[in-house]
Amino acid sequence: FQEQQADQPLDGKRIVVTAGPTREAVDPVRFFTNHSSGKMGYAIAEAAYEMGADVTLISGPVVIQAPAGVSVQRVETAEEMYEAVMKEYEGADVVVKTAAVADYRPKQVHAHKMKKQDGSLTIELERTKDILKELGEKKTHQFLIGFAAETNDVEQYAKQKLTSKNADMIVANNVSQEGAGFGGDTNIITLYHRDGSQQHFDKMTKKQAAQALLKEAAAQIGEGK
Ligand code: CTP
Ligand code: CA
Numbered sequence: 178f179q180e181q182q183a184d185q186p187l188d189g190k191r192i193v194v195t196a197g198p199t200r201e202a203v204d205p206v207r208f209f210t211n212h213s214s215g216k217m218g219y220a221i222a223e224a225a226y227e228m229g230a231d232v233t234l235i236s237g238p239v240v241i242q243a244p245a246g247v248s249v250q251r252v253e254t255a256e257e258m259y260e261a262v263m264k265e266y267e268g269a270d271v272v273v274k275t276a277a278v279a280d281y282r283p284k285q286v287h288a289h290k291m292k293k294q295d296g297s298l299t300i301e302l303e304r305t306k307d308i309l310k311e312l313g314e315k316k317t318h319q320f321l322i323g324f325a326a327e328t329n330d331v332e333q334y335a336k337q338k339l340t341s342k343n344a345d346m347i348v349a350n351n352v353s354q355e356g357a358g359f360g361g362d363t364n365i366i367t368l369y370h371r372d373g374s375q376q377h378f379d380k381m382t383k384k385q386a387a388q389a390l391l392k393e394a395a396a397q398i399g400e401g402k
């Protein structure tokens, strides 16, 4: 029994994980997106399930397979991801916002395929909703984990995101670092905590990184933080 407890630190917890990129349409055949593969978020969903959690994975368009035992909801746009996450929020104990959500979308979505013309083209973009920020504002009992994929000044940006989004933990990585970029099977993460402390992990597989961050979250929930 003791061993099972140690193995399953998220037993009975409801976890919502978002993963992958979003797609913001310009016209019926074109969209804006980013390099997110979904691998980190899918690894978190899989690891959380193995640690005993009831897992809902809200995923943008990716090519990888969903892990067994996990309930998957597929979305495309930032707005769809927002709607899906908000529906699950009340019942969630932990939310992990791994998804690379578009910050902007085309202000106007053309009904027909745009035809090319001479000269340059300007597409006006408008802001999407900041899902994590809103989760932070509406937080009641949930443990909120955000990501920060940066190319520079990682610590400064990660700490800013922790406060501005009212998150309980920020998982930061420097995506310009070898072994921590988009699409790979490894990551180099640092966890930033509310008490100002941080934990750095050397390069490991995304599955190991998922286990490390979930173990830390489970410990903090256990302490009632
Ligand atoms: N995020 C979100 N909704 C958005 C944008 C970001 O929920 N519209 C979440 C991401 O899922 C991630 C965290 O916020 O967990 C940080 O995302 P990131 O892109 O690093 O930060 P931003 O706040 O968008 O700031 P910037 O892109 O300017 O660094
Ligand atoms: Ca962003």
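Going by full-length UniProt numbering, the first residue of the sequence shown is number 178, and it counts up by one from there. Beta carbons: idealized from backbone N, C-alpha and C, even for Gly. Note that the structure is a prediction, hence the values are computed from the model and not measured.
Flag this pair as yes or no: are the beta carbons of Lys-273 and Ile-241 separated by less than 7 Å?
Going by the sequence as given, residue 273 is Val instead of Lys. In this structure, Ile-241 does not lie closer than 7 Å to Val-273 by Cβ.
Alpha carbons only, please: which of Leu-187, Ala-276, Pro-198 and Arg-191 is nearest the one belonging to Glu-324?
In the sequence as displayed, the identity of residue 324 is Phe instead of Glu. Comparing Cα positions, the closest option is Ala-276.
8 Å contact criterion, which Phe-320 and Ile-398 should meet: CB distance rounded
5 Å
The stretch 189-198 in contact with the stretch 213-220 per 3-pair CB rule at 8 Å:
yes
Let's see if you can read the secondary structure: which residues bound the beta strand (DSSP E) around Gly-323?
320-327
Cutting at 6 Å between CB atoms, please list the residues of its own chain near Ala-255, excluding the five before and the five after it.
Thr-199, Val-278, Ala-279 and Thr-305
Under the criterion of a Cβ to heavy atom distance below 6 Å, does Asp-307 qualify as lining ligand 2?
no
Determine the burial state of Gln-388: buried for a count of at least 16 other Cβ atoms within 10 Å of its Cβ, exposed for fewer.
buried
Within 10 angstroms of its Cβ, does Gly-313 collect 16 or more other Cβ (buried), or is it exposed?
buried
Just checking my contact of Lys-290 with Pro-205 at CB under 8 Å: how many whole Å lie between their CB atoms?
6 Å
So, do the stretch 367-377 and the stretch 290-301 have three or more beta carbon pairs nearer to each other than 8 Å?
no
Taking only heavy atoms of ligand 2 into account, decide whether any of them is closer than 6 Å to the Cβ of Asp-280.
yes
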